[in-house]
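Colleague:
Protein chains in written order, with our numbering: chain A, 4 to 199; chain B, 3 to 473.
1. Would you mind reading off the limits of the beta strand (DSSP E) that contains residue 16 of chain A?
2. Throw me the rounded Cβ distance for the residue 157 of chain B and residue 54 of chain B pair, which I believe falls under 8 Å.
3. If you reduce the DSSP assignment to three classes, tell me which class residue 230 of chain B lands in.
4. In the DSSP output, what is residue 378 of chain B paired with across the bridge?
5. Check each candidate in B:395, B:4 and B:373 and name the one with the smallest Cα separation from residue 345 of chain B.
6. Does the beta carbon of residue 84 of chain B sit closer than 9 Å to a beta carbon anywhere in chain A?
7. Which chain B residues are close to residue 37 of chain A, counting only those with a beta carbon under 9 Å from its beta carbon?
8. Listing by chain order, which chain A residues have their CB less than 8 Å from the CB of residue 153 of chain B?
9. In chain order, what residues of the same chain have a beta carbon less than 8 Å from the beta carbon of residue 333 of chain B, not counting five sequence neighbours either side?
10. Closest to residue 27 of chain A by CA distance: which of B:446, B:130, B:467 and B:439 is it?
11. Which whole-angstrom value describes the C-beta separation of residue 80 of chain A and residue 124 of chain A, a residue pair presumed to lie in contact below a C-beta threshold of 8 Å?
12. Please look up how many angstroms separate the CB atoms of residue 89 of chain B and residue 99 of chain B, rounded, as I've assumed it's under 8 Å.
13. Considering residue 44 of chain B, what are the terminal residues of the alpha helix (DSSP H) in which it resides?
14. Please list the residues of the segment 6-26 of chain A that have a C-beta atom closer than 9 Å to any C-beta atom in chain B, keeping them in chain order.
15. Looking only at its own chain, which residues have a Cβ that is under 6 Å from the Cβ of residue 331 of chain B, when we skip the five neighbours before and after it?
16. Assign residue 315 of chain B to buried or exposed, taking buried as 16 or more other Cβ atoms, counted over all protein chains shown, within 10 Å of its Cβ.
17. For the segment 432-464 of chain B, list every residue whose C-beta sits within 8 Å of some C-beta in chain A, in sequence order.
18. Could you please give me the residues that DSSP links to residue 161 of chain B through a beta bridge?
19. Just by C-beta distance, which residues in the segment 157-171 of chain A are closer than 8 Å to chain B?
20. Which complete alpha helix (DSSP H) runs does the segment 29-82 of chain A hold, if anything under 4 residues is left out?
21. Closest by CA to residue 170 of chain B, which one among B:13, B:376 and B:195?
22. In chain B, what lies closer than 9 Å to residue 184 of chain A by C-beta?
23. Residue 21 of chain B to residue 76 of chain A, Cα distance in whole Å?
24. Buried or exposed: residue 2 of chain B, going by 16 or more other Cβ atoms within 10 Å of its Cβ?
25. For chain B, is any of its Cβ atoms less than 9 Å away from the one on residue 193 of chain A?
26. Would you check if the distance between the CB atom of residue 102 of chain B and the CB atom of residue 67 of chain B is smaller than 9 Å?
27. Compute the distance between the beta-carbons of residue 29 of chain B and residue 154 of chain B, then report whether it is under 9 Å.
28. Strictly below 9 Å CB to CB, what residues from chain B border residue 92 of chain A?
29. Roughly how many whole angstroms lie between the Cα atoms of residue 280 of chain B and residue 358 of chain B?
30. Does the beta carbon of residue 83 of chain A sit closer than 9 Å to a beta carbon anywhere in chain B?
31. I need the DSSP call for residue 276 of chain B, collapsed to helix, strand or coil.
32. Who are residue 19 of chain B's beta bridge partners in DSSP?
33. Quick one: measure Cβ to Cβ for residue 36 of chain B and residue 85 of chain B, integer angstroms, because I've assumed they're closer than 8 Å.
34. With DSSP collapsed to three states, give me the class of residue 148 of chain A.
35. Could I get the ranges of all uninterrupted beta strand (DSSP E) runs contained in the segment 196-258 of chain B, with 3 residues as the minimum, in chain order?
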């Protein structure tokens, strides 16, 4: 996983609430057996007409946001299906940060597992970010969001911060606890009643 | 100290407590399907890792499988690739697979309980958000992404932030249990708390109306916990739970001993505190019909399609979303729900495809004909459900009425297989999500119970099933 440092970019404003993972990647694209190449399907049904031409009124097709690494969106982003393809598509398209007032739980986890930083902010801060004309800078180390007219901090679970900054392999970290896992298994296998 | 059921299950599965709310939990059962697992197995291969507990891991294929003639090869090459990848992965890593030709094949959340893999007091995960279904047995069960699938395969554990507890009380006894169903109860709850109402929490459903439900009805309720934003939903196990599981194939040999323990321990202590609470009374619940593009956009069958401001209660973002939903759904505010006409009917999905669902729907259908304007389909949740239903002659009831009788799978709930809606088609569906394009690009989904779907199939539009004699 690519370590996360500081990201500075224009933000893509997706002004919608309750964006579900079916919209982020429609189901017809879940059949791939690899993690790459999903960027072309990101928000597919909102991004393209039925005949495949890009929809002019959709933000991902707006040249002002080309190369953007930050997605701004409204409450409850990523609700619905657990499909990690949603995170893979965002990453593959180029997004490393998603900012909203809240995220669905499974999606929130899936982001960190793929080097995407989901940032939770208050409603007023989100509104200011939607209104800003400048680029946005996200500093994970300092936990700050900066624009020309805004400088606020955000909170993040220390564990996720470490995983992102160091680009750690989650499984390797857990395997360090192998003896604890083995002990749990032995204790429970021998305890009565058991289900293991 | 008094504890909730959730806290008891949580505490008994902590392997490592980091002390900051985050713990490494042991996973008792891991269910795997073809769509969210190929990348996880690839990860294991790349890092030369093994599956830690093959004996606690079970796989089936459900999302992609065709529901028509199974003796034919899968036409869609990408679907075939995923199905084959799962076969290969299960063989290579030594995992038990209920494959496409297995008599045990079915939707993962139908076969888990059916085979006795699901047990009270256990932790269960699966790369599918509707894993919450298994909470009906008093199991802490939740959906995970593919990275976590890989993590569980390799370590049999999962890192998770401890969710808050959310009590959902449903009081009273249903006067018309055949027409006001578990589906109507859960849709009513989601309508009230919203699709993010349960974010960061685990629900525990309690109250007389919940105790009174059968196991299959409880599964319908817990299944849609995720639609209320909660990763998991629990119902304390009772004699119905123990009777349902007794004698099933994967239930451990010391089952009666387990039951004794569960009976003593798996409940919320009387003076335990929940972080949040919500209550409603069954007398206030009517058959529900969703009108919009998320499950909270739901009204009583006797109601009208709302105006955006009526739905949004002063929230401008929600008002915009409602206007957009109405446009997508092709509905005019103020329209009576019973005037909404349908082209398609889908009875199936991990929410409502079990034997009882089919029995209830058959009572509505028996001796009647599907409206000539409608194409209607029944997709049983598993091969066992299908066989049991056929023993009762339900297939004949449905086929005589003009329904298609299919093989088991997820089918039109998410349309990954050929069962999809065409753009503009309107469907009464017993599934769980009415998101834009969920059942096919441009398709319009109305979430309802099996009896409401069956009644709509006959009438060609929604009807209040309470007006029918279902006893």
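From the three backbone atoms N, C-alpha and C, an ideal C-beta is built for every residue, glycine too.
Modeller: Reading from the atomic positions:
1. Run containing residue 16 of chain A: 14-17, per the beta strand (DSSP E) assignment.
2. With a contact defined as Cβ atoms closer than 8 Å, residue 157 of chain B and residue 54 of chain B qualify at about 6 Å.
3. Three-state DSSP puts residue 230 of chain B in a helix.
4. According to DSSP, residue pairing for residue 378 of chain B in a beta bridge involves B:347.
5. In this structure, B:373 is the residue among B:395, B:4 and B:373 with its C-alpha nearest to the C-alpha of residue 345 of chain B.
6. Closer than 9 Å: yes.
7. Per Cβ cutoff of 9 Å: 40, 41 and 44.
8. What residue 153 of chain B touches in chain A: 173, 174 and 177.
9. Its chain contains 293, 307 and 342 as the residues whose beta carbon lies nearer than 8 Å to that of residue 333 of chain B, once the 5 sequence neighbours on both sides are disregarded; these appear in chain order.
10. Among B:446, B:130, B:467 and B:439, the Cα nearest to that of residue 27 of chain A belongs to B:439.
11. The beta carbons of residue 80 of chain A and residue 124 of chain A sit about 12 Å from each other, so the pair does not count as a contact at 8 Å.
12. Indeed, because the Cβ distance is near 7 Å, the residues count as touching under 8 Å.
13. Segment 40-48, the alpha helix (DSSP H) holding residue 44 of chain B.
14. The residues in question are 18, 19, 20, 21, 23, 24, 25 and 26.
15. So the qualifying residues of the chain are 446.
16. Note on residue 315 of chain B: under 16 other CB atoms within 10 angstroms of its CB, so exposed under the neighbour-count rule.
17. Contacts with chain A (Cβ-Cβ distance below 8 Å) from the segment 432-464 of chain B involve 435, 437, 438, 439, 440, 443 and 444, listed in chain order.
18. DSSP, once it has assigned bridges, lists B:26 as partnering residue 161 of chain B.
19. Within the segment 157-171 of chain A, the qualifying residues are 160, 161 and 162.
20. List check, alpha helix (DSSP H) in window: 47-50.
21. Ranking B:13, B:376 and B:195 by Cα distance to residue 170 of chain B puts B:195 first.
22. Chain B residues near residue 184 of chain A: 17, 18, 26, 28, 54, 157, 158 and 159.
23. Going by the C-alpha atoms only, they are around 32 Å apart.
24. With chain B covering 3 to 473 only, the question about residue 2 of chain B has no answer from this structure.
25. Residue 193 of chain A does not count as touching chain B.
26. Their beta carbons are under 9 Å apart, which means residue 102 of chain B touches residue 67 of chain B by this criterion.
27. Going by C-beta atoms, residue 29 of chain B is nearer than 9 Å to residue 154 of chain B.
28. Within chain B, no residue has its beta carbon less than 9 Å from that of residue 92 of chain A; the closest one is some 13 Å off.
29. Taking the straight line from one Cα to the other gives about 28 Å.
30. Under the 9 Å criterion on CB atoms, residue 83 of chain A is classed as interfacial with respect to chain B.
31. Note: residue 276 of chain B maps to coil in three-state DSSP.
32. Bridge partners of residue 19 of chain B: B:25.
33. Residue 85 of chain B and residue 36 of chain B do touch by the CB rule: their CB atoms are close to 6 Å apart, below 8 Å.
34. Three-state DSSP puts residue 148 of chain A in a strand.
35. Listed in chain order, the complete beta strand (DSSP E) runs (minimum 3 residues) inside the segment 196-258 of chain B are 203-208 and 234-236.
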